[in-house]
Amino acid sequence: MKYFTRIYIVFTSAVLLAGCAKEHAPNLDAQYQNADTITRFINPIKKSALDPYVTFKDGFYYYMSTGSNYLTLSRLREMIFLDQAYSKTIYTPPADSAFNTNVSKPEIHFLDGKWYVYFSADNGQPINRRIYAIENNSIDPLLGNWEFKGKVADPAADFVATDGSVLEYDGQLYFLWSGFKTTPTSETTIERGLYIAKMKNPYTLEGGRVLISDPTKSWERDQYIEDGKTFRVAIDQNPQVIKNSAGDVFISFTAGPCQTDNISLGLLSLKSGADPMIASNWVKSSLPVFSSSRDAYGPAFNGFFKSADGKEDWIIYNANLLPGQGCGTTRSPRIQKFSWNSDGTPNFGTPAGTTLGTDSLSRPSK
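Throughout the sequence shown, residue numbering follows mature numbering (1 follows the signal peptide of the UniProt record, and there is no 0), covering -18 to -1, 1 to 348 in sequence.
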């Protein structure tokens, strides 16, 4: 189905290129090598990585990103030393499975006393792209066995899905993802929104999906020319949960296609105390909340993490050093601290530059 495959051509190439450099570095995490003498750092923190994701637990940061047709987990004590982190392949899909190709967008979560990784994959046919979950009951996710738990999907609307994440709210788990309303039928017009569904457990949905973000604003829609054809793309993807100190819920998302530098971050705000399964309870930002700047073109595909002492809020994202570099392995991961506005919404500021000295940042607090 050529019309569907085209939108994934650049993405698939990037996955394959990223897989050429496995992140299986020795345990050189530099915090064991007089790291306390290093108080500042410069972005990017790694030469290349797609879809970076970080979580913190029990003194360690756990990091994942799109690599190749396997899942790699990195562990480190200091995020600024990501490039030296110890990494291990934790799961490789069976060669004869429906999810053995284009493994991407991995996220690791600790839920109900166990570790879960959600990832997107297909069997070489992008129309079969779905989200899957694996589980590990070891306290150390680099040990124990990762068990495949299955596809995470709404059986009544099992269409293309990617970028799975989890919202924990008022004692209930909710699953978030980016997907199509139905099977796509156009080669040059592509639309993908954000969905939410209740979870029966960390790998099973309960009830139907609800569309909470339709890419209708001008900054969620863009176009580009490829092979002499104009592609009109409206995409909301990579939903990421962030909460303020009062417990208010926000979801950042990547808006637009990565083929242009206009790709940016938008924000959904859940009305205080409201039901997240009611679409009207989510309020979308009128403009992007994080967009291109010098040395950081097309900032997108972000995640969030706390500093080790829990006092600081940080964003991790990837961007290109130069304009017009698109979706490939020129995208590098960056981190920076962010603050909060007086109305409780996050203030991500401007993407930090990459000039040594001028753009150096203080490292996350310990």
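Glycine included, every Cβ here is placed at the ideal spot set by N, Cα and C.
For residue i, three-class secondary structure by DSSP
i           : result
Thr312      : coil
Leu64       : helix
Ile116      : strand
Ile297      : strand
Asn220      : strand
residue 351 : This structure does not reach residue 351, given that the chain is present from -18 up to 348, and the question cannot be answered.
Thr236      : strand
Ser324      : coil
Pro137      : helix
Asn110      : helix
Thr19       : helix
Trp201      : helix
Pro281      : strand
Phe162      : coil
Asn329      : strand
Arg276      : coil
Lys96       : strand
Gly175      : strand
Lys28       : coil
Met259      : coil
Pro270      : coil
Gly189      : strand
Per-residue burial, residue i [other beta carbons within 10 Å of its own, 16 or more giving buried]
i           : result
Lys182      : exposed
residue 350 : No information on residue 350 is available, as it lies outside the stretch -18 to 348 that the chain covers here.
Ile121      : exposed
Pro315      : buried
Ser50       : buried
Lys266      : buried
Gln66       : buried
Thr340      : exposed
Glu89       : buried
Thr83       : buried
Leu304      : exposed
Thr212      : exposed
Lys39       : exposed
residue 402 : Since the first and last residues shown for the chain are -18 and 348, residue 402 lies out of range.
Arg313      : buried
Arg111      : buried
Lys28       : buried
Asp325      : exposed
Ser69       : buried
Proximity winner among the options, relative to residue i (alpha-carbon distances)
i      : options                        : result
Gly248 : Asn263, Phe232, Gly255, Ala261 : Phe232
Phe330 : Ser342, Cys309, Ile297, Gly310 : Ile297
Ser30  : Gln107, Tyr299, Asp341         : Tyr299
Leu176 : Gly49, Ala237, Arg316          : Ala237
Ile207 : Pro239, Asn25, Trp97           : Pro239
Phe101 : Leu32, Asp145, Ala80           : Asp145
Thr327 : Gln318, Gly310, Asp295, Ala301 : Asp295
Gly280 : Ile245, Gly292, Val215, Ala135 : Ile245
Val97  : Arg112, Gly229, Phe235, Leu125 : Going by the sequence as given, residue 97 is Trp instead of Val. Nearest of Arg112, Gly229, Phe235, Leu125 to Trp97, Cα basis: Leu125.
Thr54  : Met61, Glu60, Tyr35, Lys253    : Tyr35
Ala143 : Asp94, Asn119, Ser86           : Ser86
Ile178 : Ile24, Ile224, Gly190          : Gly190
Thr37  : Leu269, Arg112, Tyr156, Val148 : Val148
Tyr185 : Asp204, Phe157, Trp201         : Phe157
Ser275 : Gly292, Ser262, Gly306         : Gly306
Pro270 : Pro26, Arg203, Ser262, Lys131  : Arg203
Ala103 : Ser234, Glu60, Pro75           : Pro75
Pairwise C-alpha distance: residue j and residue i
i      : j      : result
Phe42  : Asp218 : 31 Å
Gly335 : Arg345 : 15 Å
Gly308 : Ser251 : 29 Å
Tyr115 : Thr337 : In the sequence under discussion, the amino acid at residue 115 is Ala, which differs from the Tyr named in the question. Spanning the two alpha carbons is a distance of roughly 40 Å.
Phe141 : Thr71  : 29 Å
Pro258 : Thr19  : 45 Å
Gly161 : Pro108 : 12 Å
Lys199 : Phe283 : 19 Å
Pro333 : Ala278 : 6 Å
Gly310 : Phe63  : 23 Å
Tyr73  : Trp128 : 7 Å
Thr164 : Gly153 : 31 Å
Gly229 : Ala77  : 43 Å
Phe320 : Phe286 : 10 Å
Ala256 : Thr167 : 35 Å
Tyr44  : Gly210 : 42 Å
Ser47  : Lys253 : 31 Å
Pro137 : Asn118 : 25 Å
Val192 : Thr242 : 29 Å
Leu343 : Gln318 : 8 Å
Ala290 : Glu169 : 46 Å
Asp196 : Gly95  : 34 Å
Ile260 : Phe23  : 42 Å
Ser79  : Lys133 : 12 Å
Ser347 : Arg214 : 43 Å
Any chain B beta carbon closer than 8 Å to residue i
i     : result
Ser79 : Absence of chain B from the displayed structure is noted, only one protein chain being present.
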